[in-house]
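Chemist: Quick one: this structure, given as structure tokens, is what I'll be asking you about.
Numbering (the numbering used here), first residue to last: 28 to 769.
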């Protein structure tokens, strides 16, 4: 996955301001020359193809939407062919630019196709970079608008904007293109949750006291009420709700199912509050029979869009818990919830469906207490050379907490000094977004590129930042480069060995962790070709080449209850299978690309994985909300759950800077360097996890306190002098006694 960053123009040096003042546009000025083709095709060229000017085509059926003319990129033989304009010298580094274009397609019997706006950047050292700005599904019926943003971290020698995407033979039509300095997005206001009934179920007749009133069959299935379901609240809901009345023991039996979607449903449109996070909980069961494991899920239809409310796999006739969550951030006109999943002919049973808003603050209070218990330790400072007969005031202040909190970075990020300043100030670990992946280091066979990774490694070593190696292999077919896919079995085996030897020999001792074979719960490219032994052999060989590195498995949707492929149970079994085959698995990676997280659901997954006795890391954490306060809440949920769980040894964010994140609305720092509300929440948590205390030295020359592990400063003040010293609290030191010589 990838990352991003940006910097404030106010931080430009005087020389940079002087150099760029002449050619840089004002905020409302379009930097594109001849944007509506009123001056013909001047300033425009074809990128690998021809371009032409039109006032209409197709016998007058296609006319410009704006102005009098439009251009076409024609005689295209490659998908990257298109129309382009060089904008070198007209864009300034660390400024956000917004791109808007009107496009459509024409010809070759193609009625719809993806059209992309892309930036080609050439660096002074002749490195090349392609930045995807935006895309739209264009048609041959009408003009469509492309809209997106970009930012340059350094001062390139050449910048070209161009359109690309449709298959060869299809023309790209461009009516107008505008690139302006983007207006600042006003911060979102905090949502008003004053009158929310936290923990109250919004499902009508959940206990089935009134038959199936309030429920409707989705599809041509039959609903009836039976007895014999669990009377206890499912565990993950119980952890959120606390003391609660029992369930009724009644359940909905769904019969005559002929499609997987068929099941009980209920409309909840009027019961939802925007931006509230809802927890979903139910007991589910299927009829016995020889139909194999079945996925059962709680889903929502939000104006026709499917929303995942939690899933589980059922392979027997027992009752199973489903736990999930969701949040609505745009006012819907119609929302209904339904339970779906088993194949045609399998009866479905549903009991105690609950959907309730979660009081996150109540959970936070518990997590604060838990964090203090497991992350803090008793410390005794023993001062020598101090006159204990006189009063000595002592002030202890923690400078750094040594709990690993890191971030993903990309090569382009480190050209932006503002990004680097924030990164080195607030993170003590790093992971490279793409630059260590095989498709990056060897895009064509034998064509090795370690320069980007080397540059990033140099930066981390300069600031004494530890690094995770992500990743040696990626098991998902779609992330394997084409030349590898074309190899036969023997050549692929040799290429795998060369990759291991080349990477781990070059960087021996440099990376503390390696994700050995990424996302093995979601892909099997190497295993399919090379057999089941290849996975443990990757771990064994990696360990032989670099015994100092901890070797991780790494996968997604492990912690959120929404993907049966990567449930904690399946992840646990995969790790046990690897260990049984001799793989030296040293750590469990949970990526953490999560939506509307619920603490007890996350904690439940951590508890299950913790039974393996291996350190757990959140390796790619990001959360997303259009509202910065809710985004901050989501991030706080994940960071507090991590800090409060004894099996979690570190957290890596998957970036923090706008425009350099793999997900929209997930950044903590706006593109031009302003920290947003989510970012302030992150910094507040970092500050909370620094211990501070004061008092006086006792008659034995000692001072005791309870604090987090990490680096501290202590100041001692007597009537005659002031002394300042630093010391380190090591979490592995069970004695907690630190001698300080004055």
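Virtual Cβ for every residue (Gly too), placed ideally from N, Cα, C.
Check each candidate in 475, 625 and 489 and name the one with the smallest Cα separation from residue 455.
Modeler: Selected option, being the one with the closest Cα: 489.
Chemist: Tell me the DSSP secondary structure of residue 162 in three-state form.
Modeler: Looking at residue 162 - three-state DSSP - the assignment turns out to be strand.
Chemist: Return yes when the C-beta of residue 643 is under 8 Å from any heavy atom of the ligand SAH, and no when it is not.
Modeler: Among the components of this structure there are no ligands whatsoever, and the ligand SAH is therefore not found.
Chemist: Let me check one thing: in DSSP terms, what residues is residue 435 bridge-paired to?
Modeler: 458
Chemist: Which parts of the stretch 617 to 659 are runs of the beta strand (DSSP E), unbroken and 3 residues or longer, counting only runs that do not cross its ends?
Modeler: 643 to 648
Chemist: Strictly by DSSP, which residues pair up with residue 103?
Modeler: Looking at the DSSP output, residue 103 shares a beta bridge with no other residue.
Chemist: Taking C-alpha atoms, which residue in 208, 192, 168 and 201 lies nearest to residue 179?
Modeler: 208
Chemist: When the Cα of residue 683 is compared with those of 248, 182, 689 and 694, which residue comes out closest?
Modeler: 694
Chemist: For residue 532, count the other beta carbons within 10 Å of its own beta carbon; 16 or more makes it buried, fewer makes it exposed. Which is it?
Modeler: exposed
Chemist: Are residue 278 and residue 256 close, meaning C-beta to C-beta below 9 Å?
Modeler: yes
Chemist: At 4 residues or longer, what runs of the alpha helix (DSSP H) sit wholly inside the stretch 259 to 301?
Modeler: 262 to 268
Chemist: If you compare alpha carbons, which of 311, 154 and 167 is closest to residue 84?
Modeler: 167
Chemist: For residue 419 versus residue 744, is the C-beta distance shorter than 9 Å?
Modeler: yes
Chemist: Give the straight-line distance between the Cα atoms of residue 234 and residue 253, rounded to the nearest whole angstrom.
Modeler: 11 Å
Chemist: Measure how close the beta-carbons of residue 413 and residue 724 come, nearest whole angstrom, since I'm counting them as under 8 Å.
Modeler: 7 Å
Chemist: Expressed to the nearest angstrom, what Euclidean distance is found between the alpha-carbon atoms of residue 699 and residue 645?
Modeler: 28 Å
Chemist: Where does residue 310 fall in DSSP's three states?
Modeler: Of the three classes helix, strand and coil, the one that applies to residue 310 here is strand, per DSSP.
Chemist: Hey, quick one: how far does the alpha helix (DSSP H) through residue 533 stretch, first residue to last?
Modeler: Counting along the chain, the alpha helix (DSSP H) containing residue 533 begins and ends at 516 to 533.
Chemist: In chain order, what residues of the same chain lie with their CB nearer than 6 Å to the CB of residue 742, ignoring the 5 residues before and after it?
Modeler: Hits under 6 Å: 422 and 751.
Chemist: So, with DSSP's three-state summary, where would you put residue 35?
Modeler: Interpretation of residue 35 is limited by its pLDDT of 30, a score under 50 that renders its predicted location unreliable; the figure taken from the coordinates is listed afterwards. Coil, per DSSP.
Chemist: Starting from residue 367, follow its DSSP beta bridges and name the residues at the other end.
Modeler: 324
Chemist: Could you name the residues that DSSP lists as bridge partners for residue 304?
Modeler: 354
Chemist: Just checking my contact of residue 111 with residue 160 at CB under 8 Å: how many whole Å lie between their CB atoms?
Modeler: With 8 Å as the limit, residue 111 and residue 160 do not qualify as a contact, their Cβ atoms being about 13 Å apart.
Chemist: Given a threshold of 16 other Cβ atoms within 10 Å of its Cβ, counted over all protein chains shown, does residue 48 qualify as buried or as exposed?
Modeler: Since pLDDT at residue 48 reaches only 32, below the 50 mark, its modelled position is unreliable, and the value read off the structure follows with that caveat. By the Cβ-count criterion, residue 48 is exposed, with fewer than 16 other Cβ atoms from all chains shown falling within 10 Å of its own Cβ.
Chemist: Can you give the beta carbon distance from residue 80 to residue 94, rounded, assuming they're within the 8 Å contact cut?
Modeler: Not quite, the Cβ-Cβ distance comes to about 12 Å (not below 8 Å), so this is no contact.
Chemist: Only counting the same chain, and skipping five residues up and downstream in sequence, which positions put a Cβ closer than 8 Å to that of residue 749?
Modeler: When the five nearest sequence neighbours on each side are left out, the beta carbons in the same chain lying within less than 8 Å of the beta carbon of residue 749 are those of 742 and 743, in order along the chain.
Chemist: Who pairs with residue 749 in a beta bridge, going by DSSP?
Modeler: 744
Chemist: Could you please give the first and the last residue of the uninterrupted beta strand (DSSP E) stretch that includes residue 597?
Modeler: Run containing residue 597: none in the beta strand (DSSP E); it sits in the alpha helix (DSSP H), 595 to 607.
Chemist: Rounded to whole angstroms, what's the CA-CA distance from residue 350 to residue 261? Just pull it up for me.
Modeler: 8 Å
Chemist: Rounded to a whole number of angstroms, what is the C-alpha to C-alpha distance between residue 137 and residue 64?
Modeler: 25 Å
Chemist: Pick from 498, 293 and 599: whose alpha carbon is nearest that of residue 640?
Modeler: 599
Chemist: Express the C-alpha separation of residue 516 and residue 525 in angstroms, rounding to a whole number.
Modeler: 14 Å
Chemist: How big is the Cα-Cα spacing for residue 104 and residue 193?
Modeler: 10 Å
Chemist: DSSP has residue 227 in a bridge; who is on the other side?
Modeler: In DSSP, residue 227 forms no bridge with anything.
Chemist: May I have the straight-line CA-CA distance separating residue 230 from residue 274, to the nearest angstrom?
Modeler: 14 Å
Chemist: Measure the C-alpha to C-alpha separation of residue 115 and residue 150 and round it to an integer number of angstroms.
Modeler: 11 Å
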